[in-house]
Amino acid sequence: MLFVELRFFVFFAIVLITYWSLRSNNLRKWFLLAASYYFYGSWDWRFACMLFGLSCGDYFFARCISQTEDRRARRWYVTASLTMNLSVLAFFKYFHFFVNSAIAAASAAHIHLDEPTIHIILPVGVSFFTFQSLSYTIDVYRREIPAVHSIRDYVLFAAFFPQLVAGPIVRPKYFVPQLASNRHVTVDDIKHALYLFLLGYVKKACIADNISPYVDKVFNAPAHWSALASITATWLYTVQIFSDFSGYSDMAIAVAAMMGYKLVLNFDAPYLSESIQDFWRRWHISLSSWIRDYIYISLGGRSKKLWLTYRNLMITMLAGGLWHGAAWTFVAWGGLHGGALVVNQEFRRHFPLNKNAVPWWRRAFGWFLTMNFVCICWILFRASSFGVAWLLIKRYLLFNHGGDGSLPVWLIFFAIGLLLLQYLSRRINLHDLVCDLSLPRFAFAYGCVWAFAISMLPFGYRPFIYFQF
Amino acid sequence: MNLAAPYVEAETPLASIEGHDREPRERRDSPRPTSRHIVASVAMMSIGFVLTAAIVHLSIRNPLRLYAEIRSEKLAILDQWRGRESSAAFGSSHVDDGFDPRAFDAELRGTAAETTTLNLGISGGSQTEQAVVAKKFIDSLPDPGKDSQARFVLLEITAGANFTNDHLFHPRAINIYDLPIVRLAVDYSNPRKLGWRRAIGRSGFSLLAGLLHYTNVGMLSSSIFSAPLNEELLASQTGDDRRGLTPNHLAAPGSPESRADQQLFAAGGVPRPEPGEVLDGHYALLRYLADAARRKHVQLVYFVAPRLDNLITYSVFPESIKGPLGPVLILNEGQPALHPELYRAGLWHDPTHLTEAGAAIFSKLLADDLKSKLQLTAATPAPRSELAIR
Numbered sequence: 028m029l030f031v032e033l034r035f036f037v038f039f040a041i042v043l044i045t046y047w048s049l050r051s052n053n054l055r056k057w058f059l060l061a062a063s064y065y066f067y068g069s070w071d072w073r074f075a076c077m078l079f080g081l082s083c084g085d086y087f088f089a090r091c092i093s094q095t096e097d098r099r100a101r102r103w104y105v106t107a108s109l110t111m112n113l114s115v116l117a118f119f120k121y122f123h124f125f126v127n128s129a130i131a132a133a134s135a136a137h138i139h140l141d142e143p144t145i146h147i148i149l150p151v152g153v154s155f156f157t158f159q160s161l162s163y164t165i166d167v168y169r170r171e172i173p174a175v176h177s178i179r180d181y182v183l184f185a186a187f188f189p190q191l192v193a194g195p196i197v198r199p200k201y202f203v204p205q206l207a208s209n210r211h212v213t214v215d216d217i218k219h220a221l222y223l224f225l226l227g228y229v230k231k232a233c234i235a236d237n238i239s240p241y242v243d244k245v246f247n248a249p250a251h252w253s254a255l256a257s258i259t260a261t262w263l264y265t266v267q268i269f270s271d272f273s274g275y276s277d278m279a280i281a282v283a284a285m286m287g288y289k290l291v292l293n294f295d296a297p298y299l300s301e302s303i304q305d306f307w308r309r310w311h312i313s314l315s316s317w318i319r320d321y322i323y324i325s326l327g328g329r330s331k332k333l334w335l336t337y338r339n340l341m342i343t344m345l346a347g348g349l350w351h352g353a354a355w356t357f358v359a360w361g362g363l364h365g366g367a368l369v370v371n372q373e374f375r376r377h378f379p380l381n382k383n384a385v386p387w388w389r390r391a392f393g394w395f396l397t398m399n400f401v402c403i404c405w406i407l408f409r410a411s412s413f414g415v416a417w418l419l420i421k422r423y424l425l426f427n428h429g430g431d432g433s434l435p436v437w438l439i440f441f442a443i444g445l446l447l448l449q450y451l452s453r454r455i456n457l458h459d460l461v462c463d464l465s466l467p468r469f470a471f472a473y474g475c476v477w478a479f480a481i482s483m484l485p486f487g488y489r490p491f492i493y494f495q496f
Numbered sequence: 223m224n225l226a227a228p229y230v231e232a233e234t235p236l237a238s239i240e241g242h243d244r245e246p247r248e249r250r251d252s253p254r255p256t257s258r259h260i261v262a263s264v265a266m267m268s269i270g271f272v273l274t275a276a277i278v279h280l281s282i283r284n285p286l287r288l289y290a291e292i293r294s295e296k297l298a299i300l301d302q303w304r305g306r307e308s309s310a311a312f313g314s315s316h317v318d319d320g321f322d323p324r325a326f327d328a329e330l331r332g333t334a335a336e337t338t339t340l341n342l343g344i345s346g347g348s349q350t351e352q353a354v355v356a357k358k359f360i361d362s363l364p365d366p367g368k369d370s371q372a373r374f375v376l377l378e379i380t381a382g383a384n385f386t387n388d389h390l391f392h393p394r395a396i397n398i399y400d401l402p403i404v405r406l407a408v409d410y411s412n413p414r415k416l417g418w419r420r421a422i423g424r425s426g427f428s429l430l431a432g433l434l435h436y437t438n439v440g441m442l443s444s445s446i447f448s449a450p451l452n453e454e455l456l457a458s459q460t461g462d463d464r465r466g467l468t469p470n471h472l473a474a475p476g477s478p479e480s481r482a483d484q485q486l487f488a489a490g491g492v493p494r495p496e497p498g499e500v501l502d503g504h505y506a507l508l509r510y511l512a513d514a515a516r517r518k519h520v521q522l523v524y525f526v527a528p529r530l531d532n533l534i535t536y537s538v539f540p541e542s543i544k545g546p547l548g549p550v551l552i553l554n555e556g557q558p559a560l561h562p563e564l565y566r567a568g569l570w571h572d573p574t575h576l577t578e579a580g581a582a583i584f585s586k587l588l589a590d591d592l593k594s595k596l597q598l599t600a601a602t603p604a605p606r607s608e609l610a611i612r
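Quick note, the sequences are listed as chains A and B, same order.
When we follow my numbering, the leftmost residue of the first sequence carries the number 28, and every step to the right adds one.
When we follow my numbering, the leftmost residue of the second sequence carries the number 223, and every step to the right adds one.
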């Protein structure tokens, strides 16, 4: 059930009406829990059972951790929780990756191994809900939050349907307190949520899904396409992945907000970043802060020894890459970003900046470098193999002219348009401007944009890219 | 412990104090809206929606954007042949992979009905899509001159309704549901002949599709992002001068299709005739095409494509029905007793679709039938202006 599909609209309308017609917070939470499991079960009920099992396990481990002061016991329980969650992740997401890598390594050593016949289906959103659960037990272990008393509340936190399958990754310390009291919304909250939902819908259905066929054509058979077409496809993918993922995040935040819950911001105009460090402050914020808190800091974080800091950074980014997908291309993507962060740190160390007086040319050059680096990295992210990625990277850098295939040139303006829109919407604060309209004016504008959005619907809906992660 | 307190961030290369873990902006408290406010807002939203939909609708010059993966290829073939073609066959998959223009034209060569035909059948196409493509085809013909060939529009009388959810919610498949097409679709839904359930389903579908059409679902995006043609399909439809015929080859031995063929062939017995359905829609389709056909001197002809289950029952139609421009022939090739040569192994891909070899035989039979109904022979060609049912 995708947020852009008609059946989700029907589902959510029923949920919203029922939710607000219930008076007691307890009833609302029970109802939301049932709705969340129905939502997840619409993909596969077996995995809904697995999600329930994981949630109960983590609830139990966190309770055990909070009830004992014995350090060894606490460590044992948190290790058990980590093992449980990571085992699920490793089995469902990385089984084939590990096995195929082992077969490839054995083959390189002239040892023949047969491929297993087992076929494992990837539960949608497994990386998101396992990370979310992990953060809970680790936070309890670190004594940053107390264990949740009500199992219903914890299971609801773990399965809350707006952010269940593709984030934002919500921390218990942020979300669980919201469950304590009856939620209320104001007209401004509703306007804000409706605006965000429509924005996300336009990003996903009208932009990402419409340009996706062009990107697929080039990335699926790159040999035929010219260098210009390959560059266009790379830029389009840059637009697509942002529109797709930030569109989902916007809709998730909006759906939760319509029920009175707040989720964290996940994107902050990432393509306006002036450095790679800046980019990671703006892109998939909930993940980058998660890996910072639970991997980077756990490894020691910033150390007095510079090489240790860089090592921690590289390990963190490699893990972040692997989190995205079970393929070496994703690991390489993470590695490239890690390397770029190290280079950026070194550069800043040798050429420190006065934050208040950065010359415009340096900002523009920084933006240009960052954007092109990010685009090249997206090639690795999207390509099915290193061969395809290498070919397209060579074309991006104009080392390969490619074939005769061309894409409509005007598509390039999509990337430029997106940048301009991001820039302008920040300059004029479009969001506040829209939400500050009076209710009738807001409603009129809303009707206009919906009519436009519907006329821009794509040929077919495509699943959100991040569902596969 | 204060659970709501924001957690302390370390200054790391991955995180900044300003960027991470930011909450959505706190909104100021606003007064509770009255029911009047809510009604006014809903009204304003509807006005905004309708106004924008109307503007978008009027700004779209060519709303004929068909389902790209199946249908646009036929429009591309029509463009490729512009000026050279004079006739075309329309309908569903039974035409798409069952009508061979080469065999049809060869049979009419040297007669007054000599023509150059295209196969513009659409797999999964409905009667309404058949109507729209036929109208586009007739409009695309040049004005008739002295040297022009005979012009036929061959319409499959048994083209299915083929209404699916994909068509309903598929932006690029419903764009043809403008008002005349909705009326046409409703004309095909006679509850006395079809039963209430089918009639309501068909009419309801077309009304809903019409509503979506005027809401412009996907029309703007299909104008901007013209979907790429299916090059593989196009190559198969244009290779070896097929002119739109999608070739079907033999069903794989042992496949469900081939087993179904064997069962039908083995069924034996005498096929049972049943009255064929001539619905209001069939007359409405003739009316829909009449003006254009009159201007371009096009003769409208209905035909029945054969099916393997004709070996059990087959439909009987009148030889012609009354159209706005005079009688319209119904060429019924779905009669095993008349055309036993069609019901042989190797000519069927599955129980309702012919192979390429079967398509050639059917098309020759269709041309033969047309010739005989028009009483034309190669030896005594009649003047083209006299092409009419004798």
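Glycine residues also receive a C-beta, built at the ideal position from the N, C-alpha and C atoms.
Worksheet item: Count the other CB atoms within 10 Å of the CB of A/Ile148; is the residue buried (16 or more) or exposed (fewer)?
Response: Walking along the first sequence from the start, residue 148 of chain A turns up at place 121. By the 10 Å Cβ count, A/Ile148 comes out exposed.
Item to complete: Look at A/Tyr241 and A/Leu434 and say whether their C-beta atoms are less than 8 Å apart.
Response: Along the first sequence, one-based indexing puts residue 241 of chain A at 214. Along the first sequence, one-based indexing puts residue 434 of chain A at 407. By the CB criterion at 8 Å, A/Tyr241 and A/Leu434 fall inside the cutoff.
Practice prompt. For B/Glu563, count neighbouring Cβ atoms within 10 angstroms of its own Cβ and tell me buried if that reaches 16, exposed if not.
Written response: As a first step, residue 563 of chain B is located in the second sequence; it is residue number 341 there, counting from the start. By the beta-carbon neighbour count (other beta carbons within 10 angstroms, threshold 16), B/Glu563 is exposed.
Practice prompt. Pull out every residue of the stretch 430–446 of chain B whose Cβ sits closer than 8 Å to any Cβ of chain A, in chain order.
Written response: Here the close residues are Thr437, Asn438, Val439, Gly440, Met441, Leu442, Ser443, Ser444, Ile446.
Item to complete: Can you pull the chain B residues whose beta carbon is under 8 Å from the beta carbon of A/Tyr473, in chain order?
Response: Taking the first sequence and counting its residues from 1, one reaches residue 473 of chain A at position 446. By Cβ distance, chain B contributes Met267, Gly270.
Worksheet item: Measuring CA to CA, which of A/Thr261, A/Val229, A/Ala260, A/His146 is closest to B/Ser443?
Response: On the second sequence, position 221 is the one that residue 443 of chain B refers to. Check the Cα spacing between B/Ser443 and each of A/Thr261, A/Val229, A/Ala260, A/His146: the tightest is with A/Val229.
Worksheet entry | Cross-chain neighbours of B/Val278 in chain A, by beta carbon under 8 Å | Here residue 278 of chain B corresponds to residue number 56 of the second sequence, with the count starting at 1. What B/Val278 touches in chain A: Ala478, Phe479, Ser482.
Discussion item. With a threshold of 8 Å between beta carbons, is A/Pro467 in contact with chain B?
Written reply: As a working mapping, residue 467 of chain A is identified with position 440 in the first sequence. Closer than 8 Å to the CB of A/Pro467 there is at least one CB belonging to chain B.
Worksheet item: Can you name, in chain order, every residue of its own chain whose Cβ lies under 6 Å from the Cβ of B/His316, other than the five neighbours on each side?
Response: Translated into positions along the second sequence, residue 316 of chain B becomes position 94. Cβ neighbours of B/His316 beyond the five flanking positions: Ala527.
Worksheet item: Using the beta-carbon of each residue, which ones in chain A are nearer than 7 Å to B/Ser263?
Response: Here residue 263 of chain B corresponds to residue number 41 of the second sequence, with the count starting at 1. Correct list: Leu466, Pro467, Ala470.
Worksheet item: Nearest-angstrom Cα distance between A/Ser452 and A/Gln190?
Response: Translated into positions along the first sequence, residue 452 of chain A becomes position 425. Translated into positions along the first sequence, residue 190 of chain A becomes position 163. Note on geometry: alpha-carbon atoms of A/Ser452 and A/Gln190 lie some 25 Å from one another.
Worksheet entry | Opposing strand residues paired with B/Arg494 [DSSP bridges] | Translated into positions along the second sequence, residue 494 of chain B becomes position 272. DSSP, once it has assigned bridges, lists B/Thr535 as partnering B/Arg494.
Fill in: Helix, strand or coil at B/Tyr524 [DSSP, three-state]
The residue given as residue 524 of chain B occupies position 302 in the second sequence. It is a strand residue.
Worksheet item: What does B/His259 reach in chain A if we use C-beta pairs closer than 7 Å?
Response: Against the second sequence, residue 259 of chain B aligns to sequence position 37. Residues of chain A passing the Cβ test: Leu466.
Worksheet item: Thinking C-beta only, is B/Pro558 closer than 8 Å to B/Pro493?
Response: For the purposes of this step, residue 493 of chain B is taken as the residue at position 271 of the second sequence. For the purposes of this step, residue 558 of chain B is taken as the residue at position 336 of the second sequence. Yes, Cβ-Cβ distance for B/Pro493 and B/Pro558 is below 8 Å.
Item to complete: Could you pull out every residue in the same chain whose Cβ sits closer than 6 Å to the Cβ of B/Pro393, ignoring the five residues on either side in sequence?
Response: Taking the second sequence and counting its residues from 1, one reaches residue 393 of chain B at position 171. Confidence at B/Pro393 is low in this model, with a pLDDT of 44, below 50, so the placement of that residue should be treated as unreliable; the coordinate-derived value is given next. Contacts found: Val439, Gly440.
Fill in: Buried/exposed call for B/Asp463, threshold 16 Cβ in 10 Å
Sequence index remark: in the second sequence, residue 463 of chain B carries index 241 (1-based). Exposed, by the Cβ-count rule.
Practice prompt. Return the bridge partner residues of B/Thr339 from the DSSP annotation.
Written response: As a working note, residue 339 of chain B is residue 117 in the second sequence. DSSP lists B/Ser309 as partners of B/Thr339.
Discussion item. Less than 8 Å between C-beta atoms, sequence neighbours within five positions excluded: which residues of the same chain meet that for A/Ser93?
Written reply: The count along the first sequence starts at 1 and reaches residue 93 of chain A at position 66. Answer for A/Ser93: Val167, Pro173, Ala174, listed in chain order.
Discussion item. For B/Ile418, which residues in the same chain have their Cβ closer than 7 Å to its Cβ, ignoring the five residues on either side in sequence?
Written reply: As a first step, residue 418 of chain B is located in the second sequence; it is residue number 196 there, counting from the start. One point to set straight first is that residue 418 of chain B is Trp, not Ile, in the sequence displayed. There are no such residues.
Fill in: CA-to-CA distance, A/Ile322 to A/Ala89, given in whole angstroms
Counted from its first residue, the first sequence places residue 89 of chain A at position 62. Counted from its first residue, the first sequence places residue 322 of chain A at position 295. Take the alpha-carbon of A/Ala89 and the one of A/Ile322: they are about 20 Å apart.
Worksheet entry | Contact set between B/Pro497 and chain A, taken where Cβ atoms lie within less than 7 Å | Taking the second sequence and counting its residues from 1, one reaches residue 497 of chain B at position 275. The premise fails here: B/Pro497 is roughly 40 Å from chain A at the closest Cβ pair, so nothing lies under 7 Å.
Worksheet item: If you follow the beta strand (DSSP E) that B/Asn554 is part of, which residue opens it and which one closes it?
Response: Here residue 554 of chain B corresponds to residue number 332 of the second sequence, with the count starting at 1. Taken as a continuous stretch (DSSP letters only), the beta strand (DSSP E) holding B/Asn554 covers 548–554.
Worksheet entry | Whole-Å CB distance - A/Asn112 paired with A/Leu161, under 8 Å assumed | For the purposes of this step, residue 112 of chain A is taken as residue 85 along the first sequence, with counting starting at 1. For the purposes of this step, residue 161 of chain A is taken as residue 134 along the first sequence, with counting starting at 1. Yes, they are in contact, since the Cβ atoms of A/Asn112 and A/Leu161 sit about 5 Å apart, within 8 Å.
Worksheet entry | DSSP state of B/Ile398 mapped onto helix, strand, coil | Residue numbering aside, residue 398 of chain B sits at position 176 when the second sequence is read from its first letter. DSSP places B/Ile398 in the coil class of the three-state scheme, outside both helix and strand.
Discussion item. Please report the straight-line C-alpha distance between B/Leu433 and B/Ala298, rounded to a whole angstrom.
Written reply: Position 211 of the second sequence, counted from the start, is the residue given in the question as residue 433 of chain B. Position 76 of the second sequence, counted from the start, is the residue given in the question as residue 298 of chain B. Distance from the CA of B/Leu433 to the CA of B/Ala298, rounded to the nearest whole angstrom, comes to 28 Å.
Discussion item. Restricting to runs no shorter than 4 residues, where is the alpha helix (DSSP H) found entirely within the stretch 455–484 of chain B?
Written reply: DSSP runs (the alpha helix (DSSP H)) wholly in the stretch 455–484 of chain B: none.
Worksheet item: Roughly how many whole angstroms lie between the Cα atoms of A/Gly227 and A/Ser276?
Response: For the purposes of this step, residue 227 of chain A is identified with residue 200 of the first sequence, where counting begins at 1. For the purposes of this step, residue 276 of chain A is identified with residue 249 of the first sequence, where counting begins at 1. One C-alpha to the other measures close to 7 Å.
Worksheet item: Is there at least one Cβ from chain A nearer than 8 Å to B/Thr256's Cβ?
Response: Residue numbering aside, residue 256 of chain B sits at position 34 when the second sequence is read from its first letter. No, no contact with chain A.
Discussion item. Classify A/Glu142: buried if its beta carbon has 16 or more other beta carbons within 10 angstroms, exposed otherwise.
Written reply: Here residue 142 of chain A is taken as the residue at index 115 of the first sequence, counted from 1. For A/Glu142, the number of other beta carbons within 10 angstroms of its own is below 16, and it is reported as exposed.
Worksheet entry | Span of the alpha helix (DSSP H), counted from its first residue to its last, around B/Ile543 | Within the second sequence, the letter at position 321 stands for residue 543 of chain B. In this chain, B/Ile543 is not harboured by any alpha helix (DSSP H); it is covered by the beta strand (DSSP E) spanning 542–545.
Fill in: Strand pairing of B/His575, partner residues [DSSP]
Along the second sequence, read from residue 1 onward, the residue named residue 575 of chain B stands at position 353. Bridge partners of B/His575 according to DSSP: B/Asp572.
Discussion item. What residue range does the beta strand (DSSP E) around B/Leu376 cover?
Written reply: Position 154 of the second sequence, counting from 1, holds the residue named residue 376 of chain B. B/Leu376 -> beta strand (DSSP E) spans 374–378.
Item to complete: Using a threshold of 8 Å, state whether the C-beta atoms of A/Ala470 and B/Met267 are closer than that.
Response: Locating residue 470 of chain A in the first sequence gives position 443, counting from the first residue. Locating residue 267 of chain B in the second sequence gives position 45, counting from the first residue. Less than 8 Å separates the beta-carbon of A/Ala470 from that of B/Met267.
Worksheet entry | B/Ala298: contacting residues in chain A (beta-carbon distance under 8 Å) | Counting from one through the second sequence, the residue named residue 298 of chain B turns up at place 76. What B/Ala298 touches in chain A: nothing, since even the nearest Cβ is about 17 Å away.
Discussion item. Considering only their Cβ atoms, is the gap separating A/Val291 from A/Tyr201 smaller than 8 Å?
Written reply: Position 174 of the first sequence holds residue 201 of chain A. Position 264 of the first sequence holds residue 291 of chain A. In contact: A/Tyr201 and A/Val291 (Cβ atoms closer than 8 Å).
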